[in-house]
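Enquirer: This is the structure I have questions about; it appears just below.
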């Protein structure tokens, strides 16, 4: 298996942004770029062998630079929300950007990992191909403590497994919560909404949120609520019983294995299926509630619910909730998480 490199574009500051194309003999092709360590494309066949784009993205670098809905990007240092942009660590208060409506800290701040250019190194052998992106986030960047060295490795194998491996080390106690913000539509990007996708989540519990999408601190059962995806369910079935759509974190049932099955997404018309396995304690299901008339790759129009995200990671605002799994990283430890997307058709 090989990796193909192409220049994707150049920033106004003159920095070159490369893209790397990974493909296998099964018809799956993944393309990632160095800006934001971003997945800009994933194509796969349907049950008849027709290959389509199943992620939401743009055709050129300028569209990504112009501001976007985090399409395909790695999110850091802290994915999701931190209430009021404040946390305390070892007796020190840290104030972060309140970049979500002036209220809360979202997805790492104004200049999160999605907006920086990562160093890249590709690799390939007979079994898989991939790219490792690396970035040094300096002490104080976006208000976070510690020099944080981060690597994100994407790889694709012949079993149609697309793996994301995150590693980070710090020289000062800090918090880390990395995820990927790809929007999926297994019927094909721009084909309509994801309402007829069937979703299963290996989760019996979820985190209720307040009006600002901050977890209340409770962990509640999904049974008897619109959050129940313990059995395959059409996304559109109960979505109108939520406040504008799904944007909730689900607690993954760990089977005491390194990687637990967290989610299964199925699109009946095409037969395309995606399973997500992960080492993380949570998965955020976001139903694309704020997508609004975005012109994407190939001229496709992305509207509300045109794609969905299944973001693996720690719980939102977990640094301020002692009962939640801790996102604290110490200098003598390594942050290590793995998420695998497995693709097949019925």
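Numbering (my numbering), first residue to last: 29 to 374.
Glycine included, C-beta positions come from ideal geometry on N, C-alpha and C.
Quick caveat: nothing in here was measured; it's all calculated off a predicted structure.
1) Taking only runs that begin and end inside the region 271 to 322, name each unbroken beta strand (DSSP E) of 3 or more residues, in chain order.
2) Considering only their Cβ atoms, is the gap separating residue 273 from residue 219 smaller than 8 Å?
3) Check each candidate in 317, 223, 249, 245 and name the one with the smallest Cα separation from residue 293.
4) Do residue 261 and residue 249 count as a contact pair if the criterion is CB distance below 8 Å?
5) In the DSSP assignment, find the unbroken beta strand (DSSP E) run with residue 54 in it and report its ends.
6) For residue 238, is the classification buried or exposed, using 16 other Cβ atoms within 10 angstroms of its Cβ as the cut-off for buried?
7) Let me know if residue 62 comes out buried or exposed under the rule of 16 or more other beta-carbons within 10 Å of its beta-carbon.
8) How long is the line joining the alpha carbons of residue 156 and residue 372, rounded to whole angstroms?
9) When you compare the CB positions of residue 75 and residue 188, do they come within less than 8 Å of one another, or not?
10) Does DSSP classify residue 169 as helix, strand or coil?
11) With distances taken between CB atoms, is the gap from residue 68 to residue 60 smaller than 8 Å?
12) What residues match up with residue 248 in a beta bridge as DSSP calls it?
13) Tell me the rounded alpha-carbon separation between residue 312 and residue 31.
14) Within 10 Å of its beta-carbon, does residue 167 have 16 or more other beta-carbons around it, so buried, or fewer, so exposed?
15) First and last residue of the alpha helix (DSSP H) that includes residue 92?
16) Pick out the complete beta strand (DSSP E) segments inside the region 98 to 137, 3 residues or longer, and give them in chain order.
17) Assuming residue 325 is part of the beta strand (DSSP E), what are its boundary residues?
18) Comparing C-alpha positions only, which one of 335, 345, 296, 323 sits nearest to residue 310?
19) May I have the straight-line CA-CA distance separating residue 211 from residue 41, to the nearest angstrom?
20) For residue 14, which of 107, 103, 112, 303 has the nearest alpha-carbon?
21) Tell me whether residue 363 is buried or exposed, calling it buried when 16 or more other Cβ atoms sit within 10 Å of its Cβ.
22) On the three-pair Cβ rule with 8 Å, is the region 141 to 155 touching the region 109 to 119?
23) Cα separation between residue 255 and residue 306?
24) Does the count of Cβ pairs from the region 81 to 88 and the region 162 to 180 closer than 8 Å reach three?
25) DSSP state of residue 208, grouped into three classes?
26) Report yes if the CB atom of residue 349 is closer than 8 Å to the CB atom of residue 236, and no otherwise.
27) Select from 343, 327, 216 the residue whose C-alpha is nearest the C-alpha of residue 91.
28) Less than 7 Å between the CB of residue 168 and some heavy atom of the ligand COA, yes or no?
29) Where do the ends of the beta strand (DSSP E) carrying residue 150 lie?
30) When we look at the beta-carbon of residue 275 and count the other beta-carbons within 10 Å, is it buried (16 or more) or exposed?
31) If you drop the 5 nearest sequence neighbours on each side, which residues of the same chain put their C-beta closer than 7 Å to that of residue 324?
32) Cutting at 6 Å between CB atoms, please list the residues of its own chain near residue 245, excluding the five before and the five after it.
33) Using a Cβ-Cβ cut-off of 7 Å (strictly less than) and excluding sequence neighbours within five positions of residue 35, which residues of its own chain qualify?
34) Below 8 Å on the Cβ atoms is my contact criterion, and I expect residue 207 with residue 357 to pass it. Report the Cβ-Cβ distance as a whole number of Å.
35) Only counting the same chain, and skipping five residues up and downstream in sequence, which positions put a Cβ closer than 6 Å to that of residue 263?
36) Pick from 89, 269, 170, 205: whose alpha carbon is nearest that of residue 138?
Expert: Put simply:
1) 275 to 279, 288 to 294, 300 to 306, 310 to 314
2) no
3) 223
4) no
5) Taken as a continuous stretch (DSSP letters only), residue 54 belongs to no beta strand (DSSP E), as it is neither H nor E.
6) exposed
7) buried
8) 17 Å
9) no
10) helix
11) yes
12) 234
13) 30 Å
14) exposed
15) 89 to 93
16) 114 to 117, 120 to 123
17) Premise fails: residue 325 is in no beta strand (DSSP E) and is neither H nor E.
18) 345
19) 28 Å
20) Residue 14 is absent from the model: the chain starts at 29 and stops at 374.
21) buried
22) no
23) 20 Å
24) no
25) strand
26) no
27) 327
28) As far as ligands go, the structure on display features none, and thus does not contain the ligand COA.
29) 147 to 152
30) buried
31) 84, 85, 86, 217, 218, 330
32) 349
33) 44, 46
34) With a Cβ gap of about 15 Å, residue 207 and residue 357 do not count as contacting.
35) 222, 223, 225, 227
36) 170
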